[in-house]
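Asker:
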Amino acid sequence: MIVDIDFVIPWVDGADPAHAAERRRWSREAHSSAVEETRFHDDGEIYYAIASILAYAPFVRRIHLVTDAQKPAYLDAFQEAGLCAPDFIRLVSHHTIFDGLDALRPTFNPRPIESAVWRIPGLSDQFVYANDDMFLNAPSSPQAFFRSSRPVLYGTMSKLRSKQPRARLRAMLARPDKRPGHRRSQERAAELLGLSEAYLFAEHHPHPLDRRRLERFHAEHPQVLSEQVRYRFRDAAQYNSVALSNNLEVIAGGTVVEPPPPLAYLRPGMRRGIDAFLAAIGEPSVPFGCVQSLDRFSSTMRREIHEALSAKFAATLPASIISFLLQDTR
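Here UniProt numbering is used: the first residue of the sequence shown is 1, the next is one more, and so on.
1) My parser needs the beta strand (DSSP E) runs of 3 or more residues fully inside the region 265-308; what are they?
2) Quick test of your reading: residue 110 and residue 151, contact by CB under 8 Å. State the CB separation rounded to the nearest angstrom.
3) Is residue 261 closer than 8 Å to residue 287 when the C-beta atoms are compared?
4) Starting from residue 112, trace the alpha helix (DSSP H) in both directions and tell me its first and last residue.
5) Going by DSSP in three states, residue 95 sits in which element: helix, strand or coil?
6) Roughly how far, in whole angstroms, is the beta-carbon of residue 231 from the beta-carbon of residue 112, given that I think they are within contact range, below 8 Å?
7) Leaving out five residues on either side along the sequence, give the residues of the same chain with a beta carbon under 7 Å from the beta carbon of residue 39.
8) Looking at C-beta atoms only, is the number of pairs between the region 236-256 and the region 142-161 that lie closer than 8 Å three or more?
9) Apart from the five residues on each side of it in sequence, which residues of its chain come closer than 7 Å, Cβ to Cβ, to residue 53?
10) Closest by CA to residue 202, which one among 218, 66, 325 and 184?
11) Quick check: the Cα distance between residue 319 and residue 124, rounded to an integer number of angstroms?
12) Report the rounded CA-to-CA distance for residue 117 versus residue 68, giving the unit in angstroms.
13) Is the beta carbon of residue 247 less than 8 Å from the beta carbon of residue 214?
14) Between residue 5 and residue 142, is the Cβ-Cβ spacing less than 8 Å?
15) Run through DSSP, which three-state label would residue 62 get?
16) Is the CB-CB distance between residue 225 and residue 115 below 8 Å?
17) Less than 8 Å between the C-beta atoms of residue 268 and residue 233, yes or no?
18) Could you give the first and the last residue of the continuous beta strand (DSSP E) run that contains residue 126?
19) Which first and last residues belong to the beta strand (DSSP E) in which residue 198 is found?
20) Tell me whether the region 70-79 and the region 87-96 touch, counting them as touching only if at least three CB pairs, one residue from each stretch, are closer than 8 Å.
21) From residue 275 to residue 43, what does the alpha carbon distance come to, in whole angstroms?
22) The beta strand (DSSP E) spanning residue 8 covers which residue range?
23) Between the beta-carbon of residue 291 and the beta-carbon of residue 103, is there less than 8 Å?
24) Got a sec? Which residues, its chain only, sit under 6 Å from residue 107 by beta carbon, not counting five neighbours each side?
25) I believe residue 58 touches residue 128 by the beta-carbon criterion, under 8 Å. Please report the beta-carbon distance rounded to the nearest angstrom.
26) What's the C-alpha gap between residue 101 and residue 223?
27) Tell me the rounded alpha-carbon separation between residue 105 and residue 283.
28) What residue range does the beta strand (DSSP E) around residue 135 cover?
29) If you run the structure through DSSP and keep just helix, strand and coil, what is residue 141?
30) Going by beta-carbon coordinates alone, are residue 180 and residue 235 separated by less than 8 Å?
31) Under 8 Å, do residue 48 and residue 140 count as touching if we go by C-beta distance?
32) Ordered along the chain, which non-local residues of its own chain (more than five positions away) have a Cβ less than 6 Å from that of residue 212?
33) Looking only at its chain, what residues have a beta carbon closer than 8 Å to the beta carbon of residue 159, apart from the 5 residues adjacent to it on each side?
34) Measuring CA to CA, which of 301, 95, 189 and 299 is closest to residue 249?
35) Would you list, in sequence order, the uninterrupted alpha helix (DSSP H) runs of no fewer than 4 residues that lie entirely inside the region 170-257?
Here it is as structure tokens:
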């Protein structure tokens, strides 16, 4: 049976003067790792995300781009170049996903946003959530994300760190880890679901989610989302919504759990570096890619990355966007 599958991608232009001014205004209330400039920087990664869906996932019905009264400067170029229908890419406001919630606004926190995207009007029951620095690296299919109307889970079962000696020692010394990190947010999701030993840990790639399951969970536990949206910046008390969804599926049983997929992954300081990444994006056996903190690379390396990705997605990137991505001032 053919079912609708949408993509949901949050996006922010941290260089927007109004956004930057508001962020500085509120930043003193946050942990230092939650206000790093790189978390809000845009270097054009969203265009690769969109181009990859057009190139490798023709089964996708629509892309929902979640923003706070912002819009990527060249977004309309995809439609103007005849690469997609006028309604294929839809802008969704934070006002829409937070409607009826007592959310702190403006928010500079991805966790309330990702936790509320299931509330997007008209969103397909089966959807894929991805960050704007992720992309499809090879031809995909609906079955890569959903089988028998259930999300395909990718990850490994991990032991909760609260059960590990170092965490126990921290607790004894009353020195809890207050960093709002990726792993901690996934553990927080597991704890909310009553998991006490192990949980499914997910990596940095697009994730399939079941809108109906999330809707049912939040209808039964409205306080979970109400608390989640009260943080303007990331906080260690918050959960990761993908981990919440994944572990709801694990608890329900009967879904497919696959090992973490091969990933063309790059971030500053990686030992293997850019050469391994450039090799990986040419491998059809690698389904997903992700470049984190592109702004932290040297201008030479940024250009090398942009040149490689622009060439890879040349068929689904409008010429105006390629020119923008490769301009010397980036």
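Positions of the beta carbon are idealized from the N, C-alpha and C atoms, including for glycine.
Answerer: Based on what the coordinates show:
1) Taking only runs of at least 3 residues, the beta strand (DSSP E) segments lying wholly in the region 265-308 are 288-291.
2) What you label residue 110 is simply residue 110 of the sequence shown in a count that begins at 1. What you label residue 151 is simply residue 151 of the sequence shown in a count that begins at 1. With a contact defined as Cβ atoms closer than 8 Å, residue 110 and residue 151 miss out at about 20 Å.
3) Here residue 287 is taken as the residue at index 287 of the sequence shown, counted from 1. Here residue 261 is taken as the residue at index 261 of the sequence shown, counted from 1. Yes; because the gap between Cβ atoms is below 8 Å, this pair is in contact.
4) If you number the sequence shown from 1, residue 112 lands on position 112. Run containing residue 112: 110-116, per the alpha helix (DSSP H) assignment.
5) Sequence index remark: in the sequence shown, residue 95 carries index 95 (1-based). Three-state result, residue 95: helix.
6) What you label residue 231 is simply residue 231 of the sequence shown in a count that begins at 1. What you label residue 112 is simply residue 112 of the sequence shown in a count that begins at 1. Rounded to whole angstroms, the Cβ separation of residue 231 and residue 112 is 7 Å, and the two are in contact under 8 Å.
7) As a working note, residue 39 is residue 39 in the sequence shown. Unreliable placement is indicated for residue 39, whose pLDDT of 48 sits below 50; the coordinate value is still reported in the next sentence. Cβ neighbours of residue 39 within its own chain (closer than 7 Å, five residues either side excluded): none.
8) Contact holds: three or more Cβ-Cβ distances are below 8 Å.
9) Position 53 of the sequence shown, counting from 1, holds the residue named residue 53. 7, 60, 63 and 136.
10) Here the question's residue 202 lines up with position 202 in the sequence shown. With distances taken between Cα atoms, residue 202 lies closest to 184.
11) Stepping through the sequence shown from its first residue, residue 319 is reached at position 319. Stepping through the sequence shown from its first residue, residue 124 is reached at position 124. Between residue 319 and residue 124, the C-alpha separation is close to 31 Å.
12) Counting from 1 along the sequence shown, the entry for residue 117 is found at position 117. Counting from 1 along the sequence shown, the entry for residue 68 is found at position 68. When the Cα atoms are used, residue 117 and residue 68 turn out to be separated by approximately 13 Å.
13) Here residue 247 refers to the residue found at position 247 when the sequence shown is read from its first residue. Here residue 214 refers to the residue found at position 214 when the sequence shown is read from its first residue. Taking 8 Å as the Cβ cut-off, residue 247 and residue 214 do not qualify as a contacting pair.
14) Along the sequence shown, read from residue 1 onward, the residue named residue 5 stands at position 5. Along the sequence shown, read from residue 1 onward, the residue named residue 142 stands at position 142. With a cutoff of 8 Å on beta-carbon distance, residue 5 and residue 142 are scored as near each other.
15) Position 62 of the sequence shown, counted from the first residue, corresponds to residue 62. Of the three classes helix, strand and coil, the one that applies to residue 62 here is strand, per DSSP.
16) Taking the first residue of the sequence shown as 1, we reach residue 225 at position 225. Taking the first residue of the sequence shown as 1, we reach residue 115 at position 115. The answer is yes: Cβ separation under 8 Å.
17) Within the sequence shown, numbered from 1, the residue matching residue 268 stands at position 268. Within the sequence shown, numbered from 1, the residue matching residue 233 stands at position 233. For residue 268 and residue 233, no; Cβs fall outside 8 Å.
18) In the sequence shown, residue 126 corresponds to position 126, counting from 1. Where residue 126 is concerned, the enclosing beta strand (DSSP E) stretches over 126-129.
19) Here residue 198 refers to the residue found at position 198 when the sequence shown is read from its first residue. First-last of the beta strand (DSSP E) with residue 198: 198-201.
20) Under the Cβ criterion (8 Å, minimum of three pairs), the region 70-79 counts as touching the region 87-96.
21) One-based indexing of the sequence shown puts residue 275 at position 275. One-based indexing of the sequence shown puts residue 43 at position 43. For residue 275 and residue 43, the distance between alpha carbons rounds to 20 Å.
22) Taking the sequence shown and counting its residues from 1, the one referred to as residue 8 is at position 8. Note, residue 8: beta strand (DSSP E), 5-10.
23) Against the sequence shown, residue 291 aligns to sequence position 291. Against the sequence shown, residue 103 aligns to sequence position 103. No, these two residues do not count as a Cβ contact at 8 Å.
24) In the sequence shown, the residue the question calls residue 107 occupies position 107. Cβ neighbours of residue 107 beyond the five flanking positions: 232.
25) Here the question's residue 58 lines up with position 58 in the sequence shown. Here the question's residue 128 lines up with position 128 in the sequence shown. The beta-carbon distance between residue 58 and residue 128, rounded to whole angstroms, is 14 Å. This is too long to meet the 8 Å contact definition.
26) Taking the first residue of the sequence shown as position 1, residue 101 is located at position 101. Taking the first residue of the sequence shown as position 1, residue 223 is located at position 223. Cα-Cα distance, rounded: 11 Å.
27) Position 105 of the sequence shown, counting from 1, holds the residue named residue 105. Position 283 of the sequence shown, counting from 1, holds the residue named residue 283. Each residue's alpha carbon lies about 42 Å from the other.
28) By 1-based counting over the sequence shown, the position of residue 135 is 135. Boundaries of the beta strand (DSSP E) around residue 135: 134-136.
29) The residue labelled residue 141 in the question sits at position 141 within the sequence shown. Residue 141 falls in the coil class under three-state DSSP.
30) Taking the sequence shown and counting its residues from 1, the one referred to as residue 180 is at position 180. Taking the sequence shown and counting its residues from 1, the one referred to as residue 235 is at position 235. For the 8 Å CB-CB criterion, residue 180 and residue 235 form a contact.
31) Residue numbering aside, residue 48 sits at position 48 when the sequence shown is read from its first letter. Residue numbering aside, residue 140 sits at position 140 when the sequence shown is read from its first letter. In this structure, the beta-carbon distance from residue 48 to residue 140 does not fall below 8 Å.
32) Against the sequence shown, residue 212 aligns to sequence position 212. Counting only Cβ-Cβ distances below 6 Å, and skipping sequence neighbours, we find 125.
33) Counted from its first residue, the sequence shown places residue 159 at position 159. Cβ neighbours of residue 159 beyond the five flanking positions: 197 and 198.
34) As a working note, residue 249 is residue 249 in the sequence shown. It is 189.
35) Contiguous alpha helix (DSSP H) elements confined to the region 170-257 occur at 182-192, 211-220, 222-228 and 241-252, taking only those with 4 or more residues.
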